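Which chain is which? The protein sequence lines are A and B, in order.
Sequential numbering from 130 applies to the first sequence in the numbering used here.
Sequential numbering from 1026 applies to the second sequence in the numbering used here.
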Amino acid sequence: GAGVSQSPSNKVTEKGKDVELRCDPISGHTALYWYRQSLGQGLEFLIYFQGNSAPDKSGLPSDRFSAERTGGSVSTLTIQRTQQEDSAVYLCASSSQGRQPQHFGDGTRLSIL
Amino acid sequence: QQPVQSPQAVILREGEDAVINCSSSKALYSVHWYRQKHGEAPIFLMILLKGGEQKGHDKISASFNEKKQQSSLYLTASQLSYSGTYFCGTEIASGGGADGLTFGKGTHLIIQP
């Protein structure tokens, strides 16, 4: 597609459930990033992929968070045993390679009841 | 460490100028500037690399003072469409490879007719 595509756009789930968030980057972009934005706050870096590899996972808030990228394209962010503090907008961005302008998707708004 | 943005908010009349500042305690490789409107994805404005460069696009320009680890975004003759929250995102100089951006908390800009 022309831009970064994320799904679902909205997700409401009960505390303790697992959720999967999907990101489809701009075609040909090798670098992919996940960020989290809480209400009225800035963007918090979670994880970065170069190809299928994630050199730096230190931004993930806890071991309940994991992410993978397959085929150098689509990425999935998984949150296990969700907690209310996980409620936020999860944004995905891609760039042609590292250290280049990042193009953001519209995000997934996650609400934990 | 999160860069510090100032001011936190500014209200202008259409046609007035604004300056938004971003400073870091770390040696930076680059500074990225984004604008985000409510409920939308952040939009890339420009990237400045170490070396103390200055860039401009239409009536929006920015500078990067590498010695002070500071960047400033200049909005001249502001238009209603400039309203939104402006974020700076920084990449540190060390580390060798790419990484996610560390964003400031944002500057809310309101342009009134």
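Just so you know, even glycine gets a beta-carbon here, dropped at the ideal spot from N, CA and C.
Because the structure is a prediction, the values reported are computed rather than measured.
Any residues in the segment 175-188 of chain A with a beta carbon nearer than 9 Å to a beta carbon of chain B? Which ones, in chain order?
Under the 9 Å Cβ criterion, the segment 175-188 of chain A contributes 175, 176, 177, 179, 184, 185 and 188.
Please check if any C-beta of chain B sits within less than 8 Å of the C-beta of residue 233(A).
Under the 8 Å criterion on CB atoms, residue 233(A) is classed as interfacial with respect to chain B.
Spell out whether any CB of chain A is found under 8 Å from the CB atom of residue 1057(B).
Interface residue (Cβ-Cβ distance to chain A less than 8 Å): residue 1057(B) is classified as such.
Presumed contact (8 Å Cβ cut-off) between residue 236(A) and residue 1066(B), rounded CB distance
The C-beta separation of residue 236(A) from residue 1066(B) comes to about 6 Å, placing the pair in contact by the 8 Å criterion.
Spatial neighbours of residue 1085(B) within its chain, please: CB distance less than 6 Å, with the 5 preceding and 5 following residues excluded, ordered by chain position.
These residues qualify, in order along the chain: 1100.
Can you round the beta-carbon distance between residue 172(A) and residue 1128(B) to whole angstroms, since I take them to be within the 8 Å contact cut?
4 Å between Cβ atoms; contact.
Which ranges would you report for the beta strand (DSSP E) in the segment 1089-1121 of chain B if only whole runs of at least 3 residues count?
Taking only runs of at least 3 residues, the beta strand (DSSP E) segments lying wholly in the segment 1089-1121 of chain B are 1095-1100 and 1109-1117.
List the whole-angstrom C-beta distance separating residue 152(A) from residue 204(A), where the pair is believed to meet the contact cut-off of C-beta under 8 Å.
The C-beta distance from residue 152(A) to residue 204(A) rounds to 5 Å, short enough to fall under 8 Å.
Outcome for residue 1102(B) when other beta-carbon atoms lying within 10 angstroms are tallied against a minimum of 16
So residue 1102(B) counts as exposed.
By the 7 Å beta-carbon criterion, what residues does the segment 1105-1131 of chain B contribute toward chain A?
For the segment 1105-1131 of chain B, the beta-carbon criterion of a distance under 7 Å to any beta-carbon of chain A is satisfied by 1112, 1116, 1122, 1123, 1124, 1125, 1126, 1127, 1128, 1129, 1130 and 1131.
Do residue 155(A) and residue 132(A) come within 8 Å of each other at the CB atom, strictly closer than that value?
Judged by their CB atoms, residue 132(A) and residue 155(A) are nearer to each other than the 8 Å cut-off.
Between the Cα of residue 175(A) and the Cα atoms of 144(A), 208(A), 134(A) and 169(A), which residue gives the shortest distance?
When each option's Cα is compared against that of residue 175(A), the closest is 208(A).
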